[in-house]
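A.B. asks:
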Amino acid sequence: MATLVKEKEASALVSTFRFFKKLTFTFEEEIQTVIQYWIRILNIKLGWIDAFDTFVVNYAITIFMFNTFRSSLELRKVLYGHTNVAWSIDYSTFDGNQLICSGSEDCTVRVWDVENVKQINSFEGHTKPVYCVKFSPYHYYNKRRNVVCSSSDDNTIRFWDIKNTQLQTLNKHTSYICGLEFSSFNGGQYLCSGSNDKTVRLWDVETFELLHVFNGHENGIWCVDVSPLQSNSNDDNRKSNSIGVIGGNGYTICSGSFDNTIRTWDIETTKQLIAFEGHEDGIRSVKYGSNELGIYGGANTILSGSDDKSVRLWDIRSGQQIQMFNGHTDDVRTVEYSPFAINNSEIGGNSAVICSGSWDNSIRFWDIRSNKKELTVINEYYGIYCLKFLRLNIQENNNKKRIACGVSLCYCLDDYSIRVCG
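Quick note on numbering: the sequence shown equals residues 1 to 422 in the UniProt record's numbering.
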């Protein structure tokens, strides 16, 4: 009954927001500014509101965004400096700065000030191409340091302080490492890595200790992700499990491999849960859907992109494929759940929007609840290696910040550039 009441309340609010959407663009900007203020306050007070309030505000901010993003889409920034393609990027707002880190085939890790379009550091320590980079949330929140983690074809994982030099090297993998992801629990204390040695490994970032090796794939692993909270028992989630992980109850790891499967692993028990089969070639990118995407069709899902040129959506609970998105004409190298929603007339409501980048020189946006033709295509002259959605304050020539959308898309091309559009 409570759920039904909330759905009715939500329907009334949605009608209100649809009315707002019909107003002038100037008024829409004002509304979005207020909503963005709500989001900021809610981020500060995370956990102080119930799920329905979160749903209302998330709905409000996304209902405007995709059409606004699509209509105002243009190239905003271009970062040059790498002497070969960048395989991976990540984003940080440490100390109020807007930073991107990148890992490249040129064996370097670089850090960029996006607002000033300036490289602020370059780390040379890897002896072979760098395949993945991530800013460390553990160091950010617990040490007040901005640290980049990188993995390479030289079989190592390295940590770099962006103001200083290399901090630590992890060298337990026996082949190149393409996937990294920090835990979504316990302040990002745990790092997951996937390697061509067919293993997924879990590390304690505080001690740099290897906690567990997950075996099961029959070929190399290219990508990994760590889930949001999926389930939880009444047990104390601050207890350490058998491998020394604190707070891992209800969380899982997923990995994509050249054995054409996606596998999920329970962090608490360390057991393999499900092997998702359907892709016809190696899997290059996997992403868990956020719990906040529930009403849009993204909760309890995994999104994947493959060398078989397809993007696929999977149901975590059943282990079955939900949708397959066809349109790319070459390998799909990267997939993401976007922060956007779009009206879906078939279901009479809104759907999440997903995004994919391919070596066919295109970035495509799809309605998660429809396997029809893509919503929008960004065509480039070079292949897409990676992409990420960012909350950037992009300034125009008159130094006024854009507030119409507030979301930018950053991606790397085969011409060695890093581009920001929005």
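Positions of the beta carbon are idealized from the N, C-alpha and C atoms, including for glycine.
Kindly indicate which residue of Ser175, Glu206, Gly187, Gln189 has the alpha-carbon position closest to the one of valine 200.
C.D. replies: Here residue 200 refers to the residue found at position 200 of the sequence shown. Of the listed residues, the one whose Cα sits closest to valine 200 is Ser175.
A.B. asks: Using the DSSP secondary-structure output, state which residues sit across from threonine 83 in a beta bridge.
C.D. replies: Walking along the sequence shown from the start, residue 83 turns up at place 83. Answer by DSSP bridge pairing: none, since threonine 83 is not bridged.
A.B. asks: Our contact map puts isoleucine 342 next to serine 351 with C-beta atoms below 8 angstroms; I'd like the distance itself, whole angstroms only.
C.D. replies: Position 342 of the sequence shown, counted from the first residue, corresponds to residue 342. Position 351 of the sequence shown, counted from the first residue, corresponds to residue 351. Confirmed, Cβ separation roughly 6 angstroms.
A.B. asks: Assuming contact is defined by CB atoms lying nearer than 9 angstroms, are glycine 194 and glycine 179 in contact in what I supplied?
C.D. replies: Within the sequence shown, the letter at position 194 stands for residue 194. Within the sequence shown, the letter at position 179 stands for residue 179. Yes, they are a contact pair.
A.B. asks: Once you ignore the five residues that flank serine 122 on each side, which residues in its own chain have a CB closer than 7 angstroms to its CB?
C.D. replies: Residue 122 sits at position 122 when you count from the first residue of the sequence shown. The answer, listed in chain order, is Thr108, Arg110.
A.B. asks: Taking just the CA atoms, how far does tyrosine 382 sit from tryptophan 112?
C.D. replies: Indexing the sequence shown from 1 puts residue 112 at position 112. Indexing the sequence shown from 1 puts residue 382 at position 382. Going from the Cα of tryptophan 112 to the Cα of tyrosine 382 covers about 22 angstroms.
A.B. asks: Using 8 angstroms for Cβ pairs, my map puts aspartate 281 next to aspartate 259. What's the rounded Cβ distance?
C.D. replies: The sequence position of residue 281 within the sequence shown is 281, counting from 1. The sequence position of residue 259 within the sequence shown is 259, counting from 1. At roughly 10 angstroms, the Cβ-Cβ gap does not stay under 8 angstroms, so aspartate 281 and aspartate 259 are not in contact.
A.B. asks: Measure the alpha-carbon distance for serine 242 versus aspartate 315 and round it to whole angstroms.
C.D. replies: For this step, residue 242 is matched to residue 242 along the sequence shown. For this step, residue 315 is matched to residue 315 along the sequence shown. Near 28 angstroms, if we compare the C-alpha coordinates of aspartate 315 and serine 242.
A.B. asks: Could you tell me how far apart the beta carbons of cysteine 410 and isoleucine 89 are, in whole angstroms, since I believe they sit closer than 8 angstroms?
C.D. replies: For the purposes of this step, residue 410 is taken as the residue at position 410 of the sequence shown. For the purposes of this step, residue 89 is taken as the residue at position 89 of the sequence shown. Going by Cβ atoms, the distance from cysteine 410 to isoleucine 89 rounds to 6 angstroms, so yes, they are a contact pair.
A.B. asks: Distance check for isoleucine 262 and glycine 289, CA to CA, integer angstroms please.
C.D. replies: Taking the first residue of the sequence shown as position 1, residue 289 is located at position 289. Taking the first residue of the sequence shown as position 1, residue 262 is located at position 262. Cα to Cα, glycine 289 sits roughly 15 angstroms from isoleucine 262.
A.B. asks: Where does the unbroken beta strand (DSSP E) through isoleucine 177 begin, and where does it stop?
C.D. replies: Within the sequence shown, residue 177 is the residue found at index 177, counting from 1. Note, isoleucine 177: beta strand (DSSP E), 177 to 182.
A.B. asks: Which residues in the same chain as valine 117 place their Cβ atom closer than 8 angstroms to its Cβ, once the five residues preceding and following it in sequence are excluded?
C.D. replies: Numbered from 1 along the sequence shown, position 117 holds the residue referred to as residue 117. The residues are Lys77, Val78, Leu79.
A.B. asks: What residues match up with aspartate 225 in a beta bridge as DSSP calls it?
C.D. replies: Along the sequence shown, one-based indexing puts residue 225 at 225. Paired residue(s): Cys254.
A.B. asks: Kindly list the residues whose CB is nearer than 6 angstroms to the CB of asparagine 234, restricted to its own chain and excluding five residues on each side of it in sequence; keep chain order.
C.D. replies: To locate residue 234, count along the sequence shown from 1; it is residue 234. Unreliable placement is indicated for asparagine 234, whose pLDDT of 48 sits below 50; no coordinate value is reported for it.
A.B. asks: So glycine 81 and serine 150 are in contact, right, with Cβ under 8 angstroms, and what is the actual spacing, rounded?
C.D. replies: In the sequence shown, residue 81 corresponds to position 81, counting from 1. In the sequence shown, residue 150 corresponds to position 150, counting from 1. Contact doesn't hold; Cβ gap of about 16 angstroms is too wide.
A.B. asks: To which residues does DSSP link valine 353 through a beta bridge?
C.D. replies: Walking along the sequence shown from the start, residue 353 turns up at place 353. Paired residue(s): Asp367.
A.B. asks: Straight-line CA distance for arginine 284 to threonine 269?
C.D. replies: On the sequence shown, residue 284 is found 284 positions in, with the first residue counted as 1. On the sequence shown, residue 269 is found 269 positions in, with the first residue counted as 1. Whole-angstrom Cα-Cα distance: 26 angstroms.
A.B. asks: Inspect the CB distances between the segment 329 to 340 and the segment 415 to 422 and report whether three or more fall short of 8 angstroms.
C.D. replies: Segments in contact, no.
A.B. asks: Roughly how many angstroms separate the alpha carbons of aspartate 266 and leucine 211, rounded to a whole number?
C.D. replies: Against the sequence shown, residue 266 aligns to sequence position 266. Against the sequence shown, residue 211 aligns to sequence position 211. In a straight line, the C-alpha of aspartate 266 is about 14 angstroms away from that of leucine 211.
A.B. asks: Let me know the secondary structure DSSP gives asparagine 291 once reduced to three states.
C.D. replies: Here residue 291 refers to the residue found at position 291 when the sequence shown is read from its first residue. DSSP places asparagine 291 in helix when its eight states are reduced to three.
A.B. asks: Under 9 angstroms between the Cβ atoms of residue 435 and isoleucine 302?
C.D. replies: The structure shown does not extend to residue 435, since the chain spans only 1 to 422, so no value can be given for it.
A.B. asks: Less than 9 angstroms between the C-beta atoms of histidine 279 and arginine 312, yes or no?
C.D. replies: Reading the sequence shown from its first residue, position 279 is the one you call residue 279. Reading the sequence shown from its first residue, position 312 is the one you call residue 312. Cβ atoms of histidine 279 and arginine 312: closer than 9 angstroms.
A.B. asks: With burial defined as no fewer than 16 other Cβ atoms inside 10 Å of the residue's Cβ, what is the status of isoleucine 120: buried or exposed?
C.D. replies: As a first step, residue 120 must be located in the sequence shown, where it is residue number 120. Its Cβ having fewer than 16 others within 10 Å, isoleucine 120 is exposed.
A.B. asks: According to DSSP, is lysine 143 part of a helix, a strand, or is it coil?
C.D. replies: For the purposes of this step, residue 143 is taken as residue 143 along the sequence shown, with counting starting at 1. Note: lysine 143 maps to helix in three-state DSSP.
A.B. asks: How long is the line joining the alpha carbons of glutamine 323 and aspartate 197, rounded to whole angstroms?
C.D. replies: Here the question's residue 323 lines up with position 323 in the sequence shown. Here the question's residue 197 lines up with position 197 in the sequence shown. Computed Cα separation, rounded: 30 angstroms.
A.B. asks: On the DSSP bridge list, what partners appear for phenylalanine 123?
C.D. replies: One-based indexing of the sequence shown puts residue 123 at position 123. BP columns for phenylalanine 123 point to Val109.
A.B. asks: Would you kindly work out how many angstroms separate the C-alpha atoms of lysine 143 and asparagine 171, rounded to a whole number?
C.D. replies: Position 143 of the sequence shown, counted from the start, is the residue given in the question as residue 143. Position 171 of the sequence shown, counted from the start, is the residue given in the question as residue 171. Each residue's alpha carbon lies about 23 angstroms from the other.
A.B. asks: Hey, how far is the Cα of valine 148 from the Cα of phenylalanine 365?
C.D. replies: One-based indexing of the sequence shown puts residue 148 at position 148. One-based indexing of the sequence shown puts residue 365 at position 365. When rounded, the distance between both Cα atoms is 29 angstroms.
A.B. asks: Just how far apart, CA to CA, sit alanine 386 and glycine 357?
C.D. replies: If you number the sequence shown from 1, residue 386 lands on position 386. If you number the sequence shown from 1, residue 357 lands on position 357. Sequence inspection shows cysteine at residue 386; the alanine mentioned does not correspond to that position. Roughly 7 angstroms separates the two Cα atoms.
A.B. asks: Going by CA-CA distance only, name the one from Ser227, Glu277, Ile347 that's closest to glutamate 292.
C.D. replies: Taking the sequence shown and counting its residues from 1, the one referred to as residue 292 is at position 292. It is Ser227 whose Cα lies nearest to the Cα of glutamate 292.
A.B. asks: Can you tell me the Cβ-Cβ gap for serine 310 and valine 332, rounded? I've got them flagged as a contact below 8 angstroms.
C.D. replies: Here residue 310 is taken as the residue at index 310 of the sequence shown, counted from 1. Here residue 332 is taken as the residue at index 332 of the sequence shown, counted from 1. Contact flag correct, Cβ pair sits at about 7 angstroms.
A.B. asks: To the nearest angstrom, how far is the alpha carbon of glycine 298 from that of histidine 328?
C.D. replies: Residue numbering aside, residue 298 sits at position 298 when the sequence shown is read from its first letter. Residue numbering aside, residue 328 sits at position 328 when the sequence shown is read from its first letter. One C-alpha to the other measures close to 22 angstroms.
A.B. asks: Got a sec? Which residues, its chain only, sit under 7 angstroms from aspartate 153 by beta carbon, not counting five neighbours each side?
C.D. replies: Locating residue 153 in the sequence shown gives position 153, where the first residue counts as 1. Taken in chain order, the residues that qualify are Lys128, Pro129, Tyr131, Tyr176.
A.B. asks: When the Cα atoms are used, what is the spatial distance from phenylalanine 214 to proline 137?
C.D. replies: For the purposes of this step, residue 214 is taken as residue 214 along the sequence shown, with counting starting at 1. For the purposes of this step, residue 137 is taken as residue 137 along the sequence shown, with counting starting at 1. Answer to the nearest angstrom: the Cα atoms are 23 angstroms apart.
A.B. asks: Tell me whether tyrosine 382 sits in a helix, a strand or coil according to DSSP, three-state version.
C.D. replies: The residue given as residue 382 occupies position 382 in the sequence shown. In the structure shown, tyrosine 382 sits in coil (DSSP, three-state: anything other than H, G, I, E or B).
A.B. asks: Between asparagine 97 and valine 377, what straight-line distance do the alpha-carbon atoms span, to the nearest angstrom?
C.D. replies: In the sequence shown, counting from the first residue as 1, residue 97 sits at position 97. In the sequence shown, counting from the first residue as 1, residue 377 sits at position 377. In a straight line, the C-alpha of asparagine 97 is about 30 angstroms away from that of valine 377.
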